[in-house]
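Enquirer:
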Amino acid sequence: MSQSIPSLVATETTNRAWGMIVKKSANKIAVKKTMLAIAIAGMAAHAVADGRIEGQIKTTEKGIALQGAKIRIQELNREVVSQRDGRFVFLDVKAGNYTLVTSYIGADNIERKIVVQDQKTTRENFNLIGVSGLVENVIVIGQAAGINKSLNKQRSADNIITAVSADSIGQFPDTNVSESLQRLPGLSIERDQGEGRYVRVRGMSPDFNAVTINGVGVPGPDADRRAVALDVIPSDLLENLTVTKSVTPDMDANSLGGSIDVQSLSAFDRDGFFYQFTAEGSFDENTEQTSPKLAATASNQFSIGNGENNLGVALGVSSFKREFGSDNVETGGSWDFEDGEARLEELEQRDYRITRERSGVTLNLDYKASDSTDLYWRNLYSEYTDSEIRLANVIEFEDAVAEGETGSAEVQRELKDRVETQKILSTSLGGQTRLDKWTVDYRAAYSKSSEDEPQNIAGAVFKIDDDVIADEVFDLSLSGTKKIHLTAPAEYYQSASYKLDEVELGATNTNDESTSVNVDFTRELEWGNNPAQIKFGAKHTEREKDNDVDIWASEDFIGETSLSNFAGSDVDYTLGQFGSQINAKSVKAALGEIEDDEVESNIGDYAVTEDTSAAYIMGRVDINDWRILTGVRYENTDFTAQGFSYNSEDDEISSQSFSNSDDYFLPALHIRYSIDDKTQIRAAWTNSVVRPGFAQLSPGRLIEEDDGDIEAEFGNPYLKSLESSNIDVGIEHYPGVASVLSAFVFYKDIDNFAYQTDLGGTAGYEEFDKAFTFVNGNSAELLGIELAASKQFTQLPAPWDGLLIGGNATFVDSTAEIGGYDDGEFIARDIPLPSQSDTSANFMIGYESEKISMRLSANYKSNYLLEVLEPMEADYDAYVDDQMQLDFSLRYYLTDSIKLHFEALNLTDEIYYSYVKSPGYNAQYESYGATYKLGITFMQF
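My numbering puts the first residue of the sequence shown at 1329, with every later residue one more than the last.
1) Taking the beta strand (DSSP E) that Phe2216 falls in, what are its first and last residues?
2) Does the beta-carbon distance from Asn2136 to Leu1512 come in below 9 Å?
3) Any idea what DSSP makes of Val1845, helix, strand or coil?
4) Does the Cβ-Cβ distance between Val1789 and Gln1740 come in under 9 Å?
5) Should Val1443 go down as buried or exposed, given a rule of 16 or more other Cβ atoms within 10 Å for buried?
6) Between which two residues does the beta strand (DSSP E) holding Lys1791 run?
7) Quick one: grab the DSSP three-state call for Ser2255.
8) Excluding sequence positions up to five away, which residues of its chain have a Cβ less than 6 Å from the Cβ of Asn1316?
9) Classify Phe1864 as buried or exposed, calling it buried when 16 or more other Cβ atoms lie within 10 Å of its own Cβ.
10) If you draw a straight line from the alpha carbon of Glu1669 to that of Lys2098, how long is it in whole angstroms?
11) Determine the extent of the alpha helix (DSSP H) in which Ser1478 is found, giving its start and end residues.
12) Go to Ile1931, then tell me how far its alpha helix (DSSP H) extends in each direction, as first and last residue.
13) Below 8 Å on the Cβ atoms is my guess for Thr1809 versus Asn2250; work out the distance and round it to an integer in Å.
14) Sorted by chain position, which residues of the same chain lie with C-beta nearer than 6 Å to Ile1922's C-beta, five sequence neighbours on each side aside?
15) Could you give the residue range of the alpha helix (DSSP H) that holds Glu1742?
16) Quick one, which of Ile1381, Tyr2188, Glu1407 and Ala1798 has its alpha-carbon nearest Lys1448's?
17) On a Cα-Cα basis, can you pick out the residue from Ala2116, Pro2020 and Tyr2075 that is closest to His2061?
18) Tell me the DSSP secondary structure of Ser1892 in three-state form.
19) Specify, as a first and last residue, the run of the beta strand (DSSP E) that Ser1506 falls within.
20) For Ser2052, which three-state DSSP category applies?
21) Between Thr1836 and Ser1985, what straight-line distance do the alpha-carbon atoms span, to the nearest angstrom?
22) Would you kindly work out how many angstroms separate the C-alpha atoms of Asp1933 and Gly1524, rounded to a whole number?
23) Does DSSP put Leu1593 in a helix, in a strand, or in coil?
24) Is the stretch 1614 to 1624 touching the stretch 2217 to 2229 in the sense that three or more CB pairs, one from each, lie closer than 8 Å?
25) Run through the stretch 1374 to 1414 for me and flag every whole alpha helix (DSSP H) of 4 or more residues, listed as ranges in chain order.
26) Which same chain residues, not among the five before or five after Asp2079, have their C-beta less than 6 Å away from its C-beta?
27) Could you check what DSSP says for Ala2156 in three-state terms: helix, strand or coil?
28) With distances taken from CA atoms, which of Tyr2256, Val1429 and Glu1748 is nearest Asp1612?
29) Closer than 8 Å is the cut-off here; do at least three beta carbon pairs connect the stretch 1902 to 1913 with the stretch 1933 to 1942?
30) Inspect the beta-carbon positions of Gly1759 and Leu1703 and report whether they are closer than 9 Å.
31) State the beta-bridge partners of Val1556 as determined by DSSP.
32) Can you list, in chain order, the stretches of the alpha helix (DSSP H) that have 4 or more residues and sit fully within the stretch 1855 to 1928?
33) In the DSSP assignment, find the beta strand (DSSP E) that holds Tyr1974 and state where it starts and stops.
34) Return the CA-CA distance between Asn1537 and Ser1410, expressed in angstroms with no decimal places.
35) Measuring only the C-alpha atoms, how far is Leu2197 from Lys2245?
36) List the endpoints of the continuous beta strand (DSSP E) containing Phe1630.
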């Protein structure tokens, strides 16, 4: 990090967030002025104040704030929920005598008589202990406590959410945010080199889900995707993760599957001074490399001015360097299935050696400026560097061969050596002011994600040396069609058989910035004799994303070009014999004249802006045991895109630009019916909208002629956004501490599903033999059921009362229509939604006592569609095979403040395997081995 977090945050916030507010267009300012006028008028109309009730919910032991506790005024049937710092507030309460009752899973209910007076605040704090005094720390720390905190947030929410707390995150052997989320109902992850990277919610692709940090939307660092790579964020910096599965009108509507909120540490999460320091080492079984990790978090409260403990400061830092690797054999789906026989056309053997470094900093300030105003400044910065050396043997058969046959093949040895750094910064300034009858929330925020690859070896190609191998081919045979084993002559593996033919250098830089400002007004009132609430607000977001690609090529070299001059020791390749290492420094030293590839350096460049203005209004009413929330959100998005076009016929590069504006009205209805304090039924109807990916929207065009055939590839900025109407119905039962039984059915009807196809020869594309672009299809549908259960067996006699069992499963079925043209006729076919597994499931069995906490967890997801390689050919749809990973964690408390931990990941040595046509035909096979961790943690509450 070249710049400190405070200075970076201050610079970005000043120049971006506040600068954006000044430059808003007049019509968008008018929307906010109108809403502000309405709010002021409403407040002025109620100048005479009733009373107010305020308080906090905490644990008796260690003073930990409890979020999600229900507090009810019995006589008025009014209910509020404690916030993250444990605080609860009732505004506009008429003078009188009342009874307050608390409800928190895992704790005894507390009933307390209070007196409310006009224009005065009644303060009542509650300290909760475990049910009937049972194991006092059951709601404080540990596995059960972590599950319990999450279940309370879930139970008390107006909409359908799933949550996980820092206590639960710490019980799993998870390296990053993505892996922490895979344990939750309805969630699964996509992995890169065995590590979790992208999160899928209820079968929806990661590109269709939103990610926020402390409530602030985060753009994605990848050049082509909207998906946020959550492996960038270390799990050590987190306090809570919340997945919203049914959005309310006051939330951004940009999620078809769900919205994931990452919450970092706050000093008001617990009383007094807190710190935690962790040192860890991990061992990778595949490469036999050991990697270090350090993480520290601390928080404290201070008294300034006339306040007491009114300033909270929380700081966290994390640094993790992991060295590991994988071995791979892949075909990319290059099979010929004609005549009922599978014959292979191309094959690659790959060896990866990877170093990944994750570092992060979080700095959060919370200030209680007065009894009625809270302010905050929240910051999270994370940096992820991926250094990858990839060696490959690229084999292309002259004639496709079947298993067991021998065929002549051209062979290339290739090297790729690159360093890629992804960064995510999120900073927000905001607060809440509670007036006599109104609550006003306000925030200005800035987020930036970036991906930078400085000049690297994108591909150094060594071809067969015709001075050594006269016919420039090898006779090769293969066995197996899944884990393919190659049989080759000795010359195939010898460095002297190859010479350097071409080197391509590349560099890319992607930046995605988002600046937003929002204000929300909330008013408690009565509708008839029923407690009600009205809330409205506005938000404006400006987003800019750009991508810059530079490509250079060289066929001019200094000195001898035999691979022998660049070779090192033999590659440790677990899938057979491979050949020698290739030294990247030697390759760079051999480069002569380097030429800029002007076409490739421009065609991938683009700049996109998306400015979204939104306003909403929603109301909530409690009628006996019913809670009904309804409202509508309006969003307007102004879109512009700039890119480049190249036509080989005139050999010219020209700029392309596009702009449009779209409006969306998105109604919602949420219903919660409480059968009793432990059981409730939920239903929701929501609407959401997600824009297509950046590669799909890019206006770039590449038109090339080859032997009279004209082929084109281009994006489509005219693509419509994906719009989804969603229905959720389910039941939740909370029988006791850390225990739940739930079942939900969900349905999504999606319009404008986007996919790639070939329009060559069709109307408007008659001159093209092939024209690959993206189009909107007809509607897609998704239907699923989500089941979850957990149980702590506290009723069993010791030592079995520490047993904890949990599991969840999601079953999904989806269909989307795609198609292509054959002789001018459009032929359609159905596919499942990409990235959607029919079944995903988790199972956990744990045990904890005063000294030991252990957990064995299994994560399973069934096969899913990775990509459509040929729109007209279902045989070439690439699927990822079933995966099940088994992980184990053990924690031993030496003292109350020192614990040792041991973790084992991927005990089943699960591979990554994708295929075409059927599971027998390799598209990619990759193995990783297990990883073991040993560490120590020092902590103080």
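We treat Cβ as the ideally placed atom computed from N, Cα and C, and that holds for glycine. Predicted model only: the values in this text are computed from it and were never measured.
Expert: According to the data block:
1) In this chain, the beta strand (DSSP E) harbouring Phe2216 covers Gln2211 to Tyr2221.
2) yes
3) strand
4) yes
5) When all chains shown are included, Val1443 counts as exposed.
6) Under the DSSP assignment, Lys1791 falls in the beta strand (DSSP E) whose first and last residues are Trp1766 to Ile1792.
7) strand
8) Since the displayed the chain opens at 1329 and closes at 2269, residue 1316 lies outside it and no answer follows.
9) It is buried - the Cβ of Phe1864 has at least 16 other Cβ atoms within 10 Å.
10) Between Glu1669 and Lys2098, the C-alpha separation is close to 27 Å.
11) Gln1471 to Ser1484
12) Ile1931 -> alpha helix (DSSP H) spans Glu1926 to Ile1931.
13) That belief holds up - the Cβ atoms of Thr1809 and Asn2250 are roughly 6 Å apart, short of 8 Å.
14) Trp1880 and Ser1882
15) Unbroken run through Glu1742 is the beta strand (DSSP E), Thr1734 to Arg1762; no alpha helix (DSSP H).
16) Ile1381
17) Ranked by Cα distance from His2061, the first of Ala2116, Pro2020 and Tyr2075 is Ala2116.
18) helix
19) The continuous stretches of beta strand (DSSP E) do not include Ser1506, which lies in the alpha helix (DSSP H) extending over residues Val1505 to Leu1509.
20) In the structure shown, Ser2052 sits in a strand (DSSP, three-state: E or B).
21) Straight-line measurement puts the Cα of Ser1985 at about 21 Å from the Cα of Thr1836.
22) The alpha-carbon atoms of Asp1933 and Gly1524 are separated by roughly 29 Å.
23) coil
24) Under the 8 Å Cβ criterion, the stretch 2217 to 2229 does not count as touching the stretch 1614 to 1624, having fewer than three qualifying pairs.
25) Whole alpha helix (DSSP H) segments, 4+ residues: zero.
26) Glu2051 and Ser2107
27) strand
28) Comparing Cα positions, the closest option is Tyr2256.
29) no
30) yes
31) DSSP output for Val1556 lists no bridge partner at all.
32) 1912 to 1917
33) Trp1954 to Asn1975
34) 27 Å
35) 11 Å
36) Note, Phe1630: beta strand (DSSP E), Gln1617 to Phe1630.
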